[in-house]
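Undergrad: FYI, full-length UniProt numbering numbers position 9 of the sequence shown as 9, with every residue one higher than the one before it.
Idealized CB from N, CA, C, for every residue including glycine.
Computed from a prediction, not measured in an experiment: that's the story for all the values here.
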Amino acid sequence: MAAAAAAAAASLSVSDAAAKLPKPGGQVQRRRDRDRPRVDAAACTRDSRRPTRERCSTTVSLAATATATTATPVRAPVRTRAPMGQRKGADIVVEALERCGVRDVFEYPGGASMEIHQALTRSPVIRNHLLRHEQGEAFAASGYARSSGRPGVCVATSGPGATNLVSALADAHLDSVPLVAITGQVPRRMIGTDAFQETPIVELTRSITKHNYLVLDVDDIPRVINEAFFLATTGRPGPVLVDIPKDIQQQMAVPSWDAPMRLPGYISRLPKPPAANLLDEVIRLVGDAERPVLYVGGGCSASGDELRRFVELTGIPVTTTLMGIGNFPSDDPLSLRMLGMHGTVYANYAVDTADLLLALGVRFDDRVTGKVEAFASRAKIVHVDIDPSELGKNKQPHVSICADVKLALQGMNAMLEEQSAAAARKNLDFSAWRSELEKKKVEFPLGYRTFGEEIPPQYAIQVLDEVTNGEAIVATGVGQHQMWATQHYTYRRPRQWLSSAGLGAMGFGLPAAAGAAVANPGATVVDIDGDGSLLMNIQELAMVRVEDLPNLLQKHYASLFSD
Numbered sequence: 001m002a003a004a005a006a007a008a009a010a011s012l013s014v015s016d017a018a019a020k021l022p023k024p025g026g027q028v029q030r031r032r033d034r035d036r037p038r039v040d041a042a043a044c045t046r047d048s049r050r051p052t053r054e055r056c057s058t059t060v061s062l063a064a065t066a067t068a069t070t071a072t073p074v075r076a077p078v079r080t081r082a083p084m085g086q087r088k089g090a091d092i093v094v095e096a097l098e099r100c101g102v103r104d105v106f107e108y109p110g111g112a113s114m115e116i117h118q119a120l121t122r123s124p125v126i127r128n129h130l131l132r133h134e135q136g137e138a139f140a141a142s143g144y145a146r147s148s149g150r151p152g153v154c155v156a157t158s159g160p161g162a163t164n165l166v167s168a169l170a171d172a173h174l175d176s177v178p179l180v181a182i183t184g185q186v187p188r189r190m191i192g193t194d195a196f197q198e199t200p201i202v203e204l205t206r207s208i209t210k211h212n213y214l215v216l217d218v219d220d221i222p223r224v225i226n227e228a229f230f231l232a233t234t235g236r237p238g239p240v241l242v243d244i245p246k247d248i249q250q251q252m253a254v255p256s257w258d259a260p261m262r263l264p265g266y267i268s269r270l271p272k273p274p275a276a277n278l279l280d281e282v283i284r285l286v287g288d289a290e291r292p293v294l295y296v297g298g299g300c301s302a303s304g305d306e307l308r309r310f311v312e313l314t315g316i317p318v319t320t321t322l323m324g325i326g327n328f329p330s331d332d333p334l335s336l337r338m339l340g341m342h343g344t345v346y347a348n349y350a351v352d353t354a355d356l357l358l359a360l361g362v363r364f365d366d367r368v369t370g371k372v373e374a375f376a377s378r379a380k381i382v383h384v385d386i387d388p389s390e391l392g393k394n395k396q397p398h399v400s401i402c403a404d405v406k407l408a409l410q411g412m413n414a415m416l417e418e419q420s421a422a423a424a425r426k427n428l429d430f431s432a433w434r435s436e437l438e439k440k441k442v443e444f445p446l447g448y449r450t451f452g453e454e455i456p457p458q459y460a461i462q463v464l465d466e467v468t469n470g471e472a473i474v475a476t477g478v479g480q481h482q483m484w485a486t487q488h489y490t491y492r493r494p495r496q497w498l499s500s501a502g503l504g505a506m507g508f509g510l511p512a513a514a515g516a517a518v519a520n521p522g523a524t525v526v527d528i529d530g531d532g533s534l535l536m537n538i539q540e541l542a543m544v545r546v547e548d549l550p551n552l553l554q555k556h557y558a559s560l561f562s563d
């Protein structure tokens, strides 16, 4: 396996012609790199399409799961180059990535993207990570982004290479993960002719990306790449796709790095800081409540410190969604762990009997609410979210605040800290409520059946928790093992839990764990997976082995092949 993966990695540094090696029994080649004669447009009787002249899609979608703005990536050192020197469009793409702070790119090479891959090998700061399938590379980029907060970057070729990214783009869209996907495309003159390995990937992904571009002018590359990262990481994060025809990659040009962004509509719609009067109303509702509950989602991934401080000041119990796991320590006495279909009894009891529900960075997903009309029916609801389309979409709140959850928590913490200690103790005494919930924890603990000397998977996860001291970054596939991992492992910090929540994509765990290991070289990363999910992207064990990723994942699964 290692030899085969090394050979695949070597293909990044050879030309198309050198990669075409004869195989026994005929000229069988990789589908990404073989060169079939192009279809003559005049000979096509069923084609009526023509290349679209739009340089990018005109709509910006903000509808994904709620999450807070991610941190701006740290700028990486940029190669020294004569500012006015001509270079290929592919080299401009790579230098633009460097200027956006990119250090790691996940990729699988192909004919229409080969110029970009060749340019990446010349970068002094970007590391190339060769996955064995485009879905694997995009899930690895997602794991990288989820575990670090920095945008993940993946590169694929046209046709089947681009379409293999679709599941991972949909996953990132639903879970609000900052991702930039760059795809090669057939030359401009062949767009719309049903050319070999041509797919209209911009049209295919329009509804599952935050934004996408088809670059038709080499001079637009610096601006488009800069906009792509700005869109992916601001407001509600999400995936952005940039489709670049092969002739644009080969065209010589002098880049202009000071071109302004052209996003006036998007920038004008970015949320403003929360209004003080709305925050004051929330504090008043907290003071009037007797049975408040914090309902925390993925939108709090960038505000873990502020959330913990708010809980310290108020003493309100906390339950999290699947995406919110780790944003509040699950071993804290005030933690009710996860709620919903696969959540704890006491978390669901708390929400059902609460008189105030503070919903922070959540979207009232059906796996949480069940029958939405009956969800938290006794409570006044406060909904804070960065995406205005989520406010009132599934559940109508009594108070809605469109703002970054981090800023809202900072504002409320400042207001609470200004109150006198005596007043705070008088108005925020929820000891009776907490005692009631403690009794429910004792009455309905998380448990599992045992079967003689057989090892239950839940017990194995508990042992893993003890061995790693609850410090590992945990990735999962989708299925029962995913729910067991939420229930029996201890999560103490944001970005420690990586899972395909909204899309529920099997095959996510292994490549996502590989991406997390790249983003966190000193951390222990574990993939808790089911056999079905593991087999869907098991080929990525080759990448783990070749790159010698220092984590439990490699040590555990390498043993499968040691005999």
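Use the C-beta contact count for T476: other C-beta atoms within 10 angstroms, 16 or more gives buried, fewer gives exposed.
TA: buried
Undergrad: Which runs of the beta strand (DSSP E), 3 residues or longer, sit entirely within the segment 223 to 263?
TA: Here the runs fully enclosed are 239 to 245.
Undergrad: Should A350 be listed as close to the ligand MN, given that the test is whether its C-beta is under 7 Å from any heavy atom?
TA: As far as ligands go, the structure on display features none, and thus does not contain the ligand MN.
Undergrad: Can you give me the C-alpha to C-alpha distance between A112 and T157, rounded to a whole angstrom?
TA: 5 Å
Undergrad: Go through its chain and collect everything with a Cβ distance to R75's Cβ below 7 Å, but skip five positions before and after it.
TA: Low confidence applies to R75: its pLDDT is 49, below 50, so where it sits in the model is not reliable enough to give any reading.
Undergrad: Between which residues of its own chain and T450 is the CB-CB distance below 7 Å, once the five residues before and five after are set aside?
TA: P456
Undergrad: Locate the beta strand (DSSP E) running through V382, then write down its first and last residues.
TA: The continuous beta strand (DSSP E) containing V382 extends over residues K380 to D385.
Undergrad: Leaving out five residues before and five after V372 in sequence, what residues of the same chain have Cβ atoms less than 7 Å from its Cβ?
TA: Same-chain partners within the cutoff: F364, N394 and K395.
Undergrad: Among E417, E443, G159 and K439, whose alpha-carbon lies nearest the alpha-carbon of Q306?
TA: What sits at residue 306 in the sequence shown is Glu, not Gln. Taking each of E417, E443, G159 and K439 in turn and checking the Cα distance to E306, the smallest one comes out for E417.
Undergrad: Taking all protein chains shown into account, decide if T121 is buried (16 or more other Cβ within 10 angstroms of its Cβ) or exposed.
TA: That one is exposed.
Undergrad: Would you list, in sequence order, the uninterrupted alpha helix (DSSP H) runs of no fewer than 4 residues that lie entirely inside the segment 349 to 409?
TA: 366 to 369
Undergrad: Pull the bridge partners of K88 from the DSSP assignment, please.
TA: M252
Undergrad: Alpha carbon to alpha carbon, how far is V215 from V125? Give it in angstroms, no decimals.
TA: In a straight line, the C-alpha of V125 is about 25 Å away from that of V215.
Undergrad: Could you tell me how far apart the beta carbons of T486 and L322 are, in whole angstroms, since I believe they sit closer than 8 Å?
TA: 7 Å
Undergrad: Using only the alpha-carbon positions, how far apart do I225 and V93 sit?
TA: Between I225 and V93, the C-alpha separation is close to 7 Å.
Undergrad: If you run the structure through DSSP and keep just helix, strand and coil, what is E95?
TA: helix
Undergrad: I need the straight-line Cα distance from D40 to R188, nearest angstrom please.
TA: Residue confidence for D40 is low, a pLDDT of 38 falling below 50, so the modelled location carries little weight and cannot support an answer.
Undergrad: So, with DSSP's three-state summary, where would you put G25?
TA: Reliability of the predicted coordinates at G25 is poor, the pLDDT of 36 falling under 50, and the value obtained from them is presented with this limitation in mind. It is coil, neither helix nor strand.
Undergrad: Note down, in chain order, each residue of its chain lying with its Cβ closer than 6 Å to the Cβ of R223, except the 5 sequence neighbours on either side.
TA: A259
Undergrad: Helix, strand or coil for H481? Go by DSSP, reduced to three states.
TA: helix
Undergrad: In chain order, what are the residue ranges of uninterrupted alpha helix (DSSP H) at least 4 long that sit wholly in the segment 116 to 201?
TA: 134 to 148, 160 to 163 and 166 to 175
Undergrad: Can you tell me where the beta strand (DSSP E) with T209 in it begins and where it stops?
TA: Looking at the DSSP string, T209 is not in any beta strand (DSSP E), and its letter there is neither H nor E.
Undergrad: If you reduce the DSSP assignment to three classes, tell me which class L498 lands in.
TA: strand
Undergrad: Quick one: Cα of R425 to Cα of V474, how far?
TA: Reliability fails at R425, whose pLDDT of 48 lies under 50, so the model's placement of it is uncertain and the value that follows must be treated cautiously. Their backbone Cα atoms lie some 38 Å apart in a straight line.
Undergrad: According to DSSP, simplified to helix, strand and coil, what is M341?
TA: coil
Undergrad: Taking one C-beta from the segment 343 to 354 and one from the segment 194 to 202 each time, how about it: are there three or more such pairs within less than 8 Å?
TA: No contact exists between the segment 343 to 354 and the segment 194 to 202.
Undergrad: Compute the Euclidean distance between the alpha carbons of L534 and G265, then round it to the nearest angstrom.
TA: 42 Å
Undergrad: Note down, in chain order, each residue of its chain lying with its Cβ closer than 6 Å to the Cβ of S148, except the 5 sequence neighbours on either side.
TA: A519
Undergrad: Quick check on the DSSP output: the alpha helix (DSSP H) that includes P292 runs from which residue to which?
TA: Element bounds for P292: not the alpha helix (DSSP H) but the beta strand (DSSP E), P292 to V296.
Undergrad: Out of I116, D104, V153 and Y491, which one is the CA nearest neighbour of D331?
TA: Y491
Undergrad: Between which two residues does the alpha helix (DSSP H) holding T331 run?
TA: Residue identity check: residue 331 is Asp in the sequence provided, not Thr. Segment: none, D331 is in no alpha helix (DSSP H) and carries neither H nor E.
Undergrad: By how many angstroms is the C-alpha of V180 removed from the C-alpha of I116?
TA: 15 Å
Undergrad: Between the segment 135 to 148 and the segment 498 to 511, are three or more C-beta pairs nearer than 8 Å?
TA: Three or more beta-carbon pairs separated by less than 8 Å link the segment 135 to 148 to the segment 498 to 511, which places the two stretches in contact.
Undergrad: Three or more C-beta pairs closer than 8 Å, one from the segment 271 to 281 and one from the segment 246 to 260: is that the case here?
TA: no
Undergrad: Just the C-alpha distance for L130 and V546, rounded to the nearest angstrom, thanks.
TA: 9 Å
Undergrad: Once the 5 residues before and after V218 are set aside, which same chain residues still bring their CB inside 6 Å of it?
TA: G89, I248, Q251 and A253
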